[in-house]
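Below: one structure, written as structure tokens.
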Amino acid sequence: MKEENIKKKFINATKWSTISEIAARLVVPITNMILARIISPEAFGVVATVTMIMSFADMFTDAGFQKYLVQHEFKNEHEKFRNANVAFWTNFGISIFLWLNIIVFREQIAVLIGNAGLGNVIAIACVQLLLTSFSSIQMALYRRDFDFKTLFLVRIMAVCIPFVVTIPLAFLGLSYWALIIGSIVAQLSNAVILTVKSKWRPNLYYKIEILKEMLSFSIWSLIEAISIWFTGWADVFIIGSALDPYYLGIYKTSTTMVNALMGVITASIVPVLFSTLSRLQGNDKKFNTMYLNTQKFVSILAFPLGIGVYLYSDLATKIMLGNKWSEASRVIGVWALTSSIMIVFGHFCSEVYRAKGKPKLSFLAQILHLVVLIPACIISSKYGFWPLVYTRAWVRMEFVLVHFIIMNYIIGMSIWKTLRNVLPTAISAIAMGILGYFLQQVNDSLIWSFISIIICSIFYFGVLYLFPSMRRDTIGLVNKFMPNSMKNKIRNVIVKAR
């Protein structure tokens with residue numbers, strides 16, 4: 001595949017992925033804002049523990065085959081579809097096995113995660129495992145072909161489900177059942193749409209030799225996924241065991257809202273970046289350039305967003321969750337700040353490792369982080385909820401350090417080059433943060449908060465514009481993503497003005 005063709009596909013795929021994620025990330029907070037005012041924090045805590053179990057089981061149903069289908073170079077469509085078929089039937093068989101085991105041991109699982117008596121809830125919620133086994137392979141094929149336009153349709157349909165299912169059920173008083181039923185319907189929608197529109201359909205073909213070849217790559221992706229699961233859910237498990245569902249609901253809902261907000265930036269780029277880097281894995285120079293350009297673009301949005309939410313966490317909490325979630329403000333603030341750093345310096349590193357065909361590096365990074373994360377969370381939990389919250393948020397900086405070391409000494413991406421790449425955005429965001437702090441001292445009214453946010457935004461981009469490299473890159477980026485019709489209109493206006 002030619003370099004220019006890859007660039008065009010990357011830009012087009014990113015457009016659709018970005019539109020999809022922006023639409024989804026705008027809708028999801030709205031639904032959560034409504035649900036947070038209807039459903040109690042305890043109910044969100046229950047759903048968090050159920051989601052933890054389901055996400056763990058879901059890793060095994062995928063078994064890393066999604067990433068294999070995106071990353072691997074196939075000889076032709078026939079070979080690709082045969083591999084997809086083997087992956088699908090393997091996923092489906094594993095999902096049935098896991099669901100049956102969850103049904104049998106549902107009460108023991110409920111006790112283990114600190115929610116005794118919710119065994120039936122867990123068993124019913126995990127029916128989604130069967131549905132995701134239908135959609136996961138289809139999604140991999142769409143991503144491999146850069147067909148993010150179809151994935152846009154699927155995403156939009158899924159995010160609209162809460163308005164017709166979850167919210168009405170919540171108003172009827174179904175509490176956590178409203179969230180669970182809405183999630184099941186959304187997964188069913190994904191499976192149906194992806195299967196109907198796909199060029200590939202499951203058929204009765206299976207070959208052990210293909211499975212063995214896929215497992216040689218996928219087994220490490222699965223091990224990596226398990227380590228990522230522990231990294232992402234260790235804090236939830238500890239809070240669920242040491243504290244009550246109220247604090248778990250406060251914590252998980254707050255971090256989820258921040259992740260949804262920051263995900264507007266990352267979720268649209270990660271799948272496209274992995275697909276693109278996988279196609280460029282044989283050319284180190286172009287591979288590194290694509291990674292650094294993506295990191296720089298993300299930093300333009302991530303740094304000011306993280307600092308902004310930290311400064312205005314009280315306002316963000318009132319808007320997103322309502323007055324009864326006031327305790328969530330501090331969680332939202334510190335999680336947003338550390339997330340912005342983690343996103344810029346660590347979030348895309350795993351995509352680099354996998355695109356290079358080295359998922360073992362991602363697993364190594366996760367393990368080196370877990371050996372610090374788990375003891376830190378256990379020790380801090382003994383001192384209460386807030387020490388645990390701040391420890392969990394800032395311990396991620398150790399994860400960034402681990403990625404720096406691996407990227408520098410194994411991948412060949414120097415730490416200095418990575419830091420220098422985003423230095424202008426970091427300086428601009430810090431300057432904006434200092435200004436925002438002093439503006440908050442002027443007045444604490446709601447109107448002034450919105451005015452000061454606008455002032456900070458203008459100031460940030462003004463400072464950023466002072467850096468010639470950022471000015472050039474931003475203009476180039478706009479030119480790439482701007483439709484030709486709009487470019488022609490701007491060009492005509494300039495000509496007439498002359």
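My numbering puts the first residue of the sequence shown at 1, with every later residue one more than the last. Virtual Cβ for every residue (Gly too), placed ideally from N, Cα, C.
For TYR390, the enclosing alpha helix (DSSP H) covers residues 385-394. Distance from the CA atom of ASN83 to the CA atom of ILE102, rounded to whole angstroms, is 28 angstroms. Counted as a single uninterrupted DSSP element, the alpha helix (DSSP H) harbouring LEU373 occupies residues 359-381.
Note on HIS369: 16 or more other CB atoms within 10 angstroms of its CB, so buried under the neighbour-count rule. In the DSSP assignment, SER457 falls within the unbroken alpha helix (DSSP H) covering 446-465.
Counted as a single uninterrupted DSSP element, the alpha helix (DSSP H) harbouring PHE287 occupies residues 284-311.
If only complete runs of 3 or more residues are kept, the region 389-430 shows no beta strand (DSSP E) anywhere. Looking at GLU398, ILE181, LEU301 and VAL402, the one whose alpha-carbon comes closest to that of GLY263 is LEU301. Put simply, the backbone Cα of THR256 is about 11 angstroms away from that of MET320.
If you draw a straight line from the Cα of LEU446 to the Cα of LEU261, it is about 21 angstroms long. Where LEU169 is concerned, the enclosing alpha helix (DSSP H) starts and stops at 167-171.
According to the DSSP assignment, TRP99 belongs to the alpha helix (DSSP H) that extends over 77-104. Bounds of the alpha helix (DSSP H) holding PRO245 are 245-266. Annotation: the region 111-147 contains no complete segment of the beta strand (DSSP E) (minimum length 3 residues).
Nearest neighbour of LYS199 by Cα position, chosen from THR166, ARG155, ASP145 and MET157, turns out to be ASP145.
Within 10 angstroms of the beta-carbon of LEU100 lie fewer than 16 other beta-carbons, which makes it exposed. When only Cα atoms are considered, PHE105 and ILE156 end up about 35 angstroms apart. The C-beta of GLN441 has fewer than 16 other C-beta atoms within 10 Å across all chains shown, which makes the residue exposed. Classified as buried, LYS67 has 16 or more neighbouring CB atoms from the shown chains inside 10 Å of its CB. If you ignore the 5 residues before and after GLY182, its C-beta comes within less than 6 angstroms of the C-beta of ILE161, PRO162, VAL165 and THR166, all in its own chain and listed in chain order. In the three-state scheme derived from DSSP, where H, G and I count as helix and E and B as strand, TRP200 is classed as coil.
If you ignore the 5 residues before and after TRP394, its C-beta comes within less than 7 angstroms of the C-beta of THR338, all in its own chain and listed in chain order. In this structure, LEU169 sits near TRP177, with a CB-CB distance shorter than 8 angstroms. For the set PHE81, VAL46 and SER362, the Cα lying nearest the Cα of ALA110 is the one of VAL46. The alpha-carbon of LEU388 is positioned some 13 angstroms away from that of ILE250. Nearest C-alpha to ILE226 among TRP416, ALA57, ILE39 and ILE415: ALA57. With a 10 Å radius around the Cβ and a threshold of 16 neighbouring Cβ atoms, GLN295 comes out buried. A Cβ-Cβ distance of about 7 angstroms is found for the pair ASN91 and PHE65, placing them in contact under the 8 angstroms criterion.
SER469 sits exposed, since fewer than 16 C-beta atoms from the chains shown fall within 10 Å of its C-beta. For the 8 angstroms CB-CB criterion, SER313 and SER299 do not form a contact. In the structure shown, GLU213 falls within a helical segment according to DSSP collapsed to helix, strand and coil.
Judged by DSSP in its simplified three-state form, ILE39 adopts coil rather than helix or strand.
In chain order, PRO359, LEU361 and SER362 place their CB closer than 7 angstroms to the CB of TYR353, counting only its own chain and leaving out the 5 sequence neighbours on each side.
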